[in-house]
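K.L.:
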Amino acid sequence: TVYATFDYANVLPLSKFLLNSKGNLVQTYWDDSKEDWKVVGLAPKDECDVYGTCGAFGSCDSQRTPICSCIRGFEPKIIEECNRGNWTSGCIRRAPLQCQRVNNSDEEGKADGFLKLKMIKVPDFMERSYGSIDGCRKQCWKNNDCLAYAHDVGIGCMSWSRDLIDLRKLSIRGSDIYIRLAYSEFAKERHLKVIIRISMIIGAIAILSTAYYFWRWTAKIREFASERKNKSRESLLFDYLDDVKLHDLPIFSLEEVATATNNFHVANMLGRGGFGPVYKAWKLWNNNNIMAFVDPTIWDPCFQMEMFRCIHVGLLCVQELARDRPTISNIISMLSSDIVDLPFPKQPAFTERQIASNCKPTQQGQIRLPSCNVTLTTVYGR
């Protein structure tokens, strides 16, 4: 055991350094209150403080287990010793550098690259020169013996042409060091860059396509809203009616409707139409009670024949076949009693249906176009 004592120029506590049997340098000072030596410093603090613990091209990290590992591009020199925890033999390269390759190598002519390690305690045996970080890279690139380089603002360029020994990963106050590696060690990075670029292109195309279709969709929505706004009430009604399904509506028979409306009595009328009065008039006509159809407020026995004639003409005007309906001139003559004998009315048409019209075909040998004398009725919703 070796002891070393010293005194400060001014009055300070008594201190001493102790190199123990384990090779640790211990700094202590005398504590008067406890009357004993107190430890204030210890070196090395951990296994990574021991010089060359992980050997050449090995990196030591006290926060990991095991603490030693080969830097990228290297592998253990003696794997059996490393498995037992002895890394002093260090690591060797997996692939030779450009200047070390044989002429028939597939990678001949492919330039080496530099691997960046962050927050590293730089190794020993550095060679110092002045220059920027780009200048340091160019100097190391031109020198085939250069294995690594680093740059510090206060120091300048640092380069290494010997095995890198005593590399250590730090959490603070570390430097960036660039390790020279063979071209093949960066294949994964090159593939990753290609994948990233392709992914970015595909992502950009997907975003642009989505934006385009979203723009088209919003444009159609605005166009549809504008069309809906400009539509008239009638067109909106027709659009609604077109969407109505017949199976959604209840179906009633004629007898049910007649019973529910008390034979289409005026008191049960919801709107003015032609079906109810025609049905009621025809029913009263068949029962020889047509005068019951006349409104009591205008009933007058003196005009009974005129009222009967008006109802008779009205039934003729609603005949099912067009040929059975009188013309306007005939109606005027009938009402003015110029035509005394009126034809007997047939059953009116209560519903719309396709019927055979009284058409006269053309002569044989001519184009057969029907010549029909029919009236056309346009149906509108009310």
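UniProt numbering puts the first residue of the sequence shown at 1, with every later residue one more than the last. For each residue, glycine too, the CB sits at the ideal point set by N, CA and C.
When burial is assigned at 16 or more other CB atoms within 10 Å of the CB, is residue 35 buried or exposed?
P.N.:
exposed
K.L.:
The alpha helix (DSSP H) spanning residue 133 covers which residue range?
P.N.:
Unbroken alpha helix (DSSP H) run through residue 133: 133-142.
K.L.:
Just the Cα atoms here: how many angstroms apart are residue 320 and residue 343?
P.N.:
15 Å
K.L.:
In the DSSP assignment, find the alpha helix (DSSP H) that holds residue 148 and state where it starts and stops.
P.N.:
That residue, residue 148, is in no alpha helix (DSSP H); its beta strand (DSSP E) goes 148-152.
K.L.:
Can you give me the Cβ contacts of residue 352 inside the same chain, cut-off strictly under 7 Å, excluding the 5 residues immediately before and after it?
P.N.:
Here residue 352 scores only 47 on pLDDT, less than 50, and its place in the model should not be relied on; the value that follows carries that caveat. Hits under 7 Å: none found.
K.L.:
So if DSSP puts residue 220 in a beta bridge, which residue, or which two residues, is it bridged to?
P.N.:
Paired residues: none, contrary to the question.
K.L.:
With a cut-off of 8 Å on the beta carbons, I'd call residue 56 and residue 165 a contact; round off their distance for me.
P.N.:
5 Å
K.L.:
Note down, in chain order, each residue of its chain lying with its Cβ closer than 6 Å to the Cβ of residue 149, except the 5 sequence neighbours on either side.
P.N.:
Within the same chain, and ignoring the five residues on either side of residue 149 in sequence, the residues whose Cβ sits closer than 6 Å to its Cβ are 136, 140, 159 and 178.
K.L.:
DSSP on residue 353, reduced to helix/strand/coil?
P.N.:
Unreliable positioning characterises residue 353 in this predicted model, as indicated by a pLDDT of 49, which lies under 50. A coordinate reading is not provided.
K.L.:
Taking C-beta to C-beta, are residue 112 and residue 187 nearer than 9 Å?
P.N.:
Taking the C-beta atoms as reference points, residue 187 is found no nearer than 9 Å to residue 112.
K.L.:
Using 10 angstroms around the beta-carbon of residue 13, count the other beta-carbons present and answer buried if the total reaches 16, otherwise exposed.
P.N.:
exposed
K.L.:
Are there 16 or more other CB atoms within 10 angstroms of the CB of residue 40, so buried, or fewer, so exposed?
P.N.:
exposed
K.L.:
Do residue 52 and residue 115 count as a contact pair if the criterion is CB distance below 9 Å?
P.N.:
no
K.L.:
Can you tell me whether residue 115 is helix, strand or coil according to DSSP?
P.N.:
strand
K.L.:
Please report the residue range of the beta strand (DSSP E) in which residue 28 lies.
P.N.:
25-31
K.L.:
Could you give the residue range of the alpha helix (DSSP H) that holds residue 335?
P.N.:
328-335
K.L.:
Kindly indicate which residue of 302, 313, 308 and 120 has the alpha-carbon position closest to the one of residue 288.
P.N.:
Per the Cα distances, 308.
K.L.:
In the structure shown, what three-state DSSP assignment does residue 188 receive?
P.N.:
helix
K.L.:
Identify the continuous alpha helix (DSSP H) that holds residue 17 and give its terminal residues.
P.N.:
Segment 15-19 is the beta strand (DSSP E) holding residue 17; no alpha helix (DSSP H) there.
K.L.:
Quick check: what's the CA-CA separation for residue 19 versus residue 30?
P.N.:
Cα to Cα, residue 19 sits roughly 17 Å from residue 30.
K.L.:
Go to residue 79, then tell me how far its alpha helix (DSSP H) extends in each direction, as first and last residue.
P.N.:
79-83
K.L.:
Please report the straight-line C-alpha distance between residue 263 and residue 292, rounded to a whole angstrom.
P.N.:
Taking the straight line joining both Cα atoms gives about 13 Å.
K.L.:
Considering only their Cβ atoms, is the gap separating residue 313 from residue 278 smaller than 9 Å?
P.N.:
No. Outside cutoff.
K.L.:
Would you decide whether residue 142 is buried or exposed? Buried here means 16 or more other CB atoms lie within 10 Å of its CB.
P.N.:
exposed
K.L.:
Counting along the chain, where does the beta strand (DSSP E) carrying residue 158 start and finish?
P.N.:
156-160
K.L.:
With DSSP as the reference, label residue 174 as helix, strand or coil.
P.N.:
It is coil, neither helix nor strand.
K.L.:
For the alpha helix (DSSP H) that residue 167 lies in, which residues bound it at each end?
P.N.:
Careful: residue 167 lies outside any alpha helix (DSSP H), inside the beta strand (DSSP E) at 167-169.
K.L.:
What residue range does the alpha helix (DSSP H) around residue 42 cover?
P.N.:
No alpha helix (DSSP H) holds residue 42; the beta strand (DSSP E) holding it covers 36-43.
K.L.:
For residue 131, which residues from the same chain have a beta carbon less than 6 Å from its beta carbon, with the 5 sequence-adjacent residues on both sides left out?
P.N.:
Answer for residue 131: 157, listed in chain order.
K.L.:
Rounded to a whole number of angstroms, what is the C-alpha to C-alpha distance between residue 216 and residue 201?
P.N.:
22 Å
K.L.:
Start and end of the beta strand (DSSP E) containing residue 60?
P.N.:
58-60
K.L.:
Going by DSSP, what residue range makes up the beta strand (DSSP E) through residue 64?
P.N.:
Run containing residue 64: none; DSSP gives neither H nor E here.
K.L.:
Does the beta-carbon distance from residue 151 to residue 172 come in below 9 Å?
P.N.:
No, the pair does not count as a contact, with Cβ atoms beyond the cut-off.
K.L.:
Could you name the residues that DSSP lists as bridge partners for residue 127?
P.N.:
When DSSP reads this structure, residue 127 sits in a beta bridge with 159.
K.L.:
What three-state label does DSSP hand residue 75 in the structure shown?
P.N.:
strand
K.L.:
For the alpha helix (DSSP H) containing residue 317, list its first residue and its last residue.
P.N.:
304-317
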